[in-house]
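S.K.:
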Amino acid sequence: MVPLSHVIIYAFLMFAIGMFGALARRNVFIVLMGIELMLNAVNIALVGFSSYLGNVAGQIMAIFIITVAAGEAAVGLAIVLSIFRNRLTVNIDSFNLLKW
Amino acid sequence: MSWTQFFFYVFAGLSLLCALMVVTRRNAVHSAIFLIITFFFMAAVFVILKAELLAAVQVLVYAGGVVSLMLYVIMLVKAEEASQVKQNLGQIAIAAFIALLLALQVGSIVYLYFAQKPAGKAAVEALKYGGNTEGIGALLYTKYLFPFEVASVLLLAAMVGAIVLAKNRLER
Chain A
1 MVPLSHVIIY AFLMFAIGMF GALARRNVFI VLMGIELMLN AVNIALVGFS SYLGNVAGQI
61 MAIFIITVAA GEAAVGLAIV LSIFRNRLTV NIDSFNLLKW
Chain B
1001 MSWTQFFFYV FAGLSLLCAL MVVTRRNAVH SAIFLIITFF FMAAVFVILK AELLAAVQVL
1061 VYAGGVVSLM LYVIMLVKAE EASQVKQNLG QIAIAAFIAL LLALQVGSIV YLYFAQKPAG
1121 KAAVEALKYG GNTEGIGALL YTKYLFPFEV ASVLLLAAMV GAIVLAKNRL ER
């Protein structure tokens, strides 16, 4: 039996790493990967609580989060692609205009 | 310390290591490969926590779907462009500080509250239907039917949105 506290600490370390990636990197793909890592950290916490309580609701919630994350990745990458066509770069610092 | 616990620490540590590699590699393709490895170790952790269906979904949807989509888009934009984004060191220090602060803060609070309570129990509600996958499936189509339908509408909207956004303007 794994202590619940260790699962939650693992989830928060993963969340912190993902947040570091989303905040510090300028390559827009790595920012998106950081967001994916954060969503996964939330899944770990949900599964940890689900297995601690013996309740399956947390796992169903995690499945919905995976669904939303897949949609988010698809739309996010489409946005990156259409910005790349206009500005010819993936540096997030140059994505500073809302209109062109 | 039981073997289950030992393997939890092994997989958790390896996945954290790979996640660190994801956010520190310069080349986005290397990051994507490390992201796949991270998701595999996370699936192993899910198995230890008795969420077998979620482990399979994790490998199929994330490692198989999301990351390969990312790799395709990385290949569509110029690869040399993607790997030569310059870093600003001041930004890294601030981001690392904020991330560490969050981890320490929440980690300590969690540790004080849930010190030694055991996780890794199979879901009772799911066992009633015969297993993890059966239980989740049964609940998904009965108790959680409405969120399930909303999720499918969301996926449709995401698909239409992605097609419209990624469509080349010149073809219109």
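Listed in order, the protein sequences are those of chains A and B. So for the first sequence, the working numbering puts the first residue at 1; every next one is plus one. So for the second sequence, the working numbering puts the first residue at 1001; every next one is plus one. Cβ atoms here follow ideal geometry from the backbone N, Cα and C, with glycine treated the same way.
From the DSSP output, read off the bridge partner residues of N27 (chain A).
M.R.: Walking along the first sequence from the start, residue 27 (chain A) turns up at place 27. A:N91.
S.K.: Start and end of the alpha helix (DSSP H) containing A1166 (chain B)?
M.R.: By one-based count along the second sequence, residue 1166 (chain B) stands at place 166. That run of the alpha helix (DSSP H) goes L1145 to A1166.
S.K.: Alpha carbon to alpha carbon, what distance is there between I30 (chain A) and A1093 (chain B)?
M.R.: For the purposes of this step, residue 1093 (chain B) is taken as residue 93 along the second sequence, with counting starting at 1. For the purposes of this step, residue 30 (chain A) is taken as residue 30 along the first sequence, with counting starting at 1. If I take the Cα positions, the gap works out to 17 Å.
S.K.: Going by C-alpha to C-alpha distance, which of B:F1040, B:I1163 and B:L1101 sits closest to M19 (chain A)?
M.R.: In the first sequence, counting from the first residue as 1, residue 19 (chain A) sits at position 19. Residue B:L1101 is the option with its Cα nearest to M19 (chain A).
S.K.: Which term fits F1011 (chain B), buried or exposed, when burial requires 16 or more other beta carbons within 10 angstroms of its beta carbon?
M.R.: The sequence position of residue 1011 (chain B) within the second sequence is 11, counting from 1. With 16 or more other Cβ atoms within 10 Å, it is buried.
S.K.: When burial is assigned at 16 or more other CB atoms within 10 Å of the CB, is E977 (chain B) buried or exposed?
M.R.: Given a span of 1001 to 1172 for chain B in the structure shown, any question on residue 977 (chain B) remains unanswerable.
S.K.: Using a Cβ-Cβ distance cut-off of 8 Å, determine whether Y1144 (chain B) contacts chain A.
M.R.: Looking up residue 1144 (chain B) in the second sequence gives position 144. Yes, its Cβ sits closer than 8 Å to a Cβ of chain A.
S.K.: Is V1110 (chain B) helix, strand or coil by DSSP?
M.R.: In the second sequence, residue 1110 (chain B) corresponds to position 110, counting from 1. Residue state, collapsed to three classes: helix.
S.K.: Would I8 (chain A) and L1020 (chain B) qualify as a contact pair, given that the criterion is a beta-carbon distance under 8 Å?
M.R.: Walking along the first sequence from the start, residue 8 (chain A) turns up at place 8. Walking along the second sequence from the start, residue 1020 (chain B) turns up at place 20. Not closer than 8 Å, so no.
S.K.: My output table needs one value for R1026 (chain B): the three-state DSSP class, helix, strand or coil.
M.R.: Sequence index remark: in the second sequence, residue 1026 (chain B) carries index 26 (1-based). Three-state result, R1026 (chain B): coil.
S.K.: Using 8 Å for Cβ pairs, my map puts L1154 (chain B) next to G71 (chain A). What's the rounded Cβ distance?
M.R.: Here residue 1154 (chain B) corresponds to residue number 154 of the second sequence, with the count starting at 1. Here residue 71 (chain A) corresponds to residue number 71 of the first sequence, with the count starting at 1. Yes, they are in contact, since the Cβ atoms of L1154 (chain B) and G71 (chain A) sit about 6 Å apart, within 8 Å.
S.K.: Might you give, ordered along the chain, the residues of its own chain that have their beta carbon closer than 6 Å to the beta carbon of E1052 (chain B), omitting 5 neighbours on each side?
M.R.: As a position in the second sequence, residue 1052 (chain B) is number 52, starting the count at 1. Cβ within range, chain order: N1132.
S.K.: Between which two residues does the alpha helix (DSSP H) containing A1055 (chain B) stretch?
M.R.: Position 55 of the second sequence, counted from the start, is the residue given in the question as residue 1055 (chain B). Note, A1055 (chain B): alpha helix (DSSP H), E1052 to V1057.
S.K.: Which same chain residues, not among the five before or five after S1015 (chain B), have their C-beta less than 6 Å away from its C-beta?
M.R.: Along the second sequence, read from residue 1 onward, the residue named residue 1015 (chain B) stands at position 15. Here the set comprises T1038, F1041 and M1042.
S.K.: Is the separation between the beta-carbon of V75 (chain A) and that of A1158 (chain B) shorter than 8 Å?
M.R.: By 1-based counting over the first sequence, the position of residue 75 (chain A) is 75. By 1-based counting over the second sequence, the position of residue 1158 (chain B) is 158. In contact: V75 (chain A) and A1158 (chain B) (Cβ atoms closer than 8 Å).
S.K.: What residues in the region 14 to 28 of chain A have a beta carbon less than 8 Å from any beta carbon of chain B?
M.R.: Within the region 14 to 28 of chain A, the qualifying residues are M14, F15, A16, I17, G18, M19, F20, G21, L23, A24, R25, R26 and N27.
S.K.: Does the beta-carbon distance from A1096 (chain B) to A45 (chain A) come in below 8 Å?
M.R.: The count along the second sequence starts at 1 and reaches residue 1096 (chain B) at position 96. The count along the first sequence starts at 1 and reaches residue 45 (chain A) at position 45. No, they are not a contact pair.
S.K.: Just tell me which of A:V80, A:G21, A:A41 and A:I60 has its CA closest to the CA of N1168 (chain B).
M.R.: Position 168 of the second sequence, counting from 1, holds the residue named residue 1168 (chain B). Closest by alpha carbon: A:V80.
S.K.: Against chain A, does I1037 (chain B) count as a neighbour if the rule is that its beta carbon must be under 8 Å from one of theirs?
M.R.: Walking along the second sequence from the start, residue 1037 (chain B) turns up at place 37. So no, I1037 (chain B) is outside the interface.
S.K.: Between which two residues does the alpha helix (DSSP H) containing T1133 (chain B) stretch?
M.R.: Residue 1133 (chain B) sits at position 133 when you count from the first residue of the second sequence. Start and end: N1132 to Y1141.
S.K.: Within 10 angstroms of the Cβ of G1013 (chain B), are there 16 or more other Cβ atoms? Answer buried if so, exposed if not.
M.R.: Counting from 1 along the second sequence, the entry for residue 1013 (chain B) is found at position 13. Exposed.
S.K.: Under a Cβ-count criterion, where at least 16 other Cβ atoms within 10 Å of its own Cβ denotes burial, should L1104 (chain B) be classed as buried or exposed?
M.R.: Numbered from 1 along the second sequence, position 104 holds the residue referred to as residue 1104 (chain B). By the neighbour-count rule (16 or more Cβ atoms within 10 Å), L1104 (chain B) is not buried but exposed.
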